Amino acid sequence: MHVYLTNKPYRNLVTANFFNAIGSVLFNIVFIIYAGNLPYKTLAVTLISIADFVPTLFEIPSGYLADRTTQRLRLTIWLRSIQFGLYLLLAGLIAVSQALWAFIVLLLINVASDVISSYTGGLIMPYYKHFVGRSDLNDAASFESGMHSTISIIFQGLGASLIVLLHQNYALFSIINAISFLIAGGLLLLQRQAFAQADQQDTNAVRQARQDKMASEPFITSTWHTMQLVHTDKPLFLIIMLILGINILLSAVHDLTNVLLTTQKQLWLGSFGATIAIMSMASAVASAAGALFSRDGLQKFSMPTLISLATGVTAVYGVNMFTLQNFYVMVSLSAGESYLVGKISPRLSALVIGNIPQGRLAATSSLVSFLISIGIPVSQAVFLPLANLAAPALTWQIFTACTVGGVVAGVYASRYLHRLTAPAAMVRG
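Residue numbers (the numbering used here): 76 to 504.
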């Protein structure tokens with residue numbers, strides 16, 4: 076919070092991102108509700124689920140292009156204007172047709188906007204290196220991550236309520252989202268001199284070196300070199316692999332809970348729907364708190380230690396699911412795990428921004444995000460068939476055994492990092 080209040084260029088940059096997030100959260104929840112009211116609602120919701128993963132496929136190419144883009148601020152504002160126009164078009168289309176072809180066009184517009192957002196995220200990332208000192212990177216990343224989680228919690232509920240009060244006026248929500256992109260672009264203009272100065276700090280020599288060695292690289296070659304860069308940084312690579320592992324386990328615990336709770340009625344509080352809603356809210360609030368409270372004593376723990384703690388809590392969660400089967404223990408452990416996980420993502424962002432050369436910053440960030448996202452389909456492929464074929468108790472026992480393996484891996488990684496000569500700042504907040 077201190078960085079946000081005292082650093083004006085950073086404040087404008089982050090506030091612009093918040094407006095972008097507010098519009099997106101409002102529209103995404105309402106878009107699901109809209110799809111659920113169409114004549115072909117099952118197909119519509121399925122298509123949304125598939126489309127949600129499509130922008131992930133463009134993360135690495137967008138990072139590659141962002142690192143080779145000049146006039147970053149001008150292009151970012153221009154692309155925000157394009158997103159504004161796309162959602163005005165979407166609002167008009169929602170108002171005139173509910174046909175399947177129109178819905179597919181709506182999906183394509185939404186996917187295109189998400190891809191643009193991924194690209195602009197890579198464009199503005201280098202500004203963090205200019206506006207935020209290395210010692211403040213973790214606090215800055217934690218604040219932004221926590222506020223994004225808070226926005227998601229508040230505006231999901233607000234969106235679901237407002238659409239009822241506005242009598243299902245879905246076109247209006249599209250216009251609200253369009254305006255949010257316009258505001259986001261306008262906020263960046265308020266600090267255009269600071270952004271221009273940041274661009275000028277890339278000297279002609281640095282730019283020329285970047286052009287000679289990297290700008291001419293083909294996409295495949297550049298991606299390979301970026302992978303080599305990540306692999307060469309042993310602490311960063313090890314942490315990414317650990318986060319990939321915990322992402323697989325956390326995706327699994329979410330999916331297993333949703334599936335197996337349908338039959339484990341002794342864990343319900345009232346109804347299945349109410350239980351899932353309480354679980355989701357508790358996890359979301361805890362994750363936001365974990366990111367926002369960056370100076371709670373846990374900043375002294377290394378990343379592998381935090382990952383081990385989160386995995387350990389998840390292991391105890393699994394034990395509860397086949398022994399005590401207590402609702403309150405289940406919710407408490409889920410919140411505790413989410414609080415710890417809420418600290419990991421901001422630290423990873425700070426680590427990447429602080430240690431990766433600017434010429435490969437966006438590409439590296441996109442590559443890291445893509446690698447971690449792989450955990451979701453891997454988790455679904457491994458654990459969902461198990462949840463449908465085996466008894467709930469056996470499923471939770473197998474899952475718990477996997478989490479114990481994750482704890483052991485985290486402890487080993489923590490000791491291994493202590494033996495490396497890398498600075499402590501690379502693995503501590």
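Just so you know, even glycine gets a beta-carbon here, dropped at the ideal spot from N, CA and C. Remember, it's a predicted structure, so these values are computed and weren't measured experimentally.
Could you check what DSSP says for residue i in three-state terms: helix, strand or coil?
i	result
serine 358	helix
leucine 241	coil
leucine 344	strand
alanine 174	coil
glutamate 292	coil
serine 489	helix
serine 188	helix
isoleucine 449	coil
valine 78	helix
asparagine 430	helix
arginine 209	helix
glycine 387	helix
glycine 372	coil
threonine 144	coil
asparagine 112	coil
alanine 466	coil
serine 220	helix
leucine 399	coil
arginine 133	Residue identity check: residue 133 is phenylalanine in the sequence provided, not arginine. Note: phenylalanine 133 maps to coil in three-state DSSP.
tryptophan 299	helix
aspartate 308	coil
Would the beta-carbon of residue i fall within 8 Å of that of residue j?
i	j	result
leucine 198	threonine 144	yes
asparagine 95	serine 192	yes
aspartate 142	alanine 437	yes
valine 388	leucine 373	no
phenylalanine 128	alanine 327	no
glycine 450	threonine 386	no
glycine 160	serine 440	no
lysine 418	glycine 365	yes
isoleucine 511	glycine 234	Because the chain spans 76 through 504 in this model, residue 511 falls outside it and cannot be assessed.
phenylalanine 270	leucine 262	no
lysine 204	isoleucine 428	yes
leucine 311	asparagine 430	yes
arginine 435	threonine 296	no
serine 413	asparagine 213	no
valine 482	alanine 390	yes
isoleucine 382	isoleucine 321	yes
valine 207	tyrosine 115	no
serine 489	proline 379	yes
leucine 342	phenylalanine 402	yes
valine 406	alanine 357	yes
leucine 442	isoleucine 135	yes
Would residue i pass as an interface residue toward chain C - the criterion being a Cβ-Cβ separation below 8 Å?
i	result
leucine 154	Protein chain content of the structure displayed is limited to a single chain, and chain C is not contained in it.
Identify, in the order they occur along the chain, each residue of the same chain with its Cβ nearer than 8 Å to the Cβ of residue i, setting aside the five sequence neighbours on each side.
i	result
leucine 163	Ser249, Ile250 and Ala253
alanine 246	Ala166, Gly167, Ile169 and Ala170
isoleucine 97	Ile226, Phe230 and Ser255
alanine 462	Asp330, Leu331, Val334, Leu335 and Thr470
serine 224	Ala359, Ser362, Ala363, Ala366 and Gly417
Quick test of your reading: residue i and residue j, contact by CB under 8 Å. State the CB separation rounded to the nearest angstrom.
i	j	result
leucine 446	isoleucine 315	6 Å
proline 467	threonine 338	6 Å
isoleucine 238	isoleucine 353	At roughly 22 Å, the Cβ-Cβ gap does not stay under 8 Å, so isoleucine 238 and isoleucine 353 are not in contact.
threonine 195	threonine 151	5 Å
alanine 126	valine 190	Alanine 126 to valine 190, Cβ: 11 Å. No contact.
serine 220	serine 420	6 Å
leucine 415	leucine 384	6 Å
arginine 155	alanine 259	5 Å
Apart from the five residues just before and just after residue i, which ones in its own chain have a Cβ nearer than 7 Å to its Cβ?
i	result
isoleucine 473	Leu461
alanine 119	Ala110, Leu113 and Phe178
aspartate 211	Val78
glycine 393	Trp471, Phe474, Thr475 and Thr478
In chain order, what residues of the same chain lie with their CB nearer than 6 Å to the CB of residue i, ignoring the 5 residues before and after it?
i	result
isoleucine 318	Ile447
phenylalanine 376	none
glycine 411	Val388
Between residue i and the ligand MG, is there a pair consisting of the residue's CB and a ligand heavy atom that are separated by less than 7 Å?
i	result
glycine 372	With respect to small molecules bound, the structure shown includes none, and the ligand MG cannot be examined in it.
How do the region 81–89 and the region 176–187 stand: do at least 3 beta-carbon pairs fall below 8 Å, yes or no? Result no; under three Cβ-Cβ pairs closer than 8 Å.
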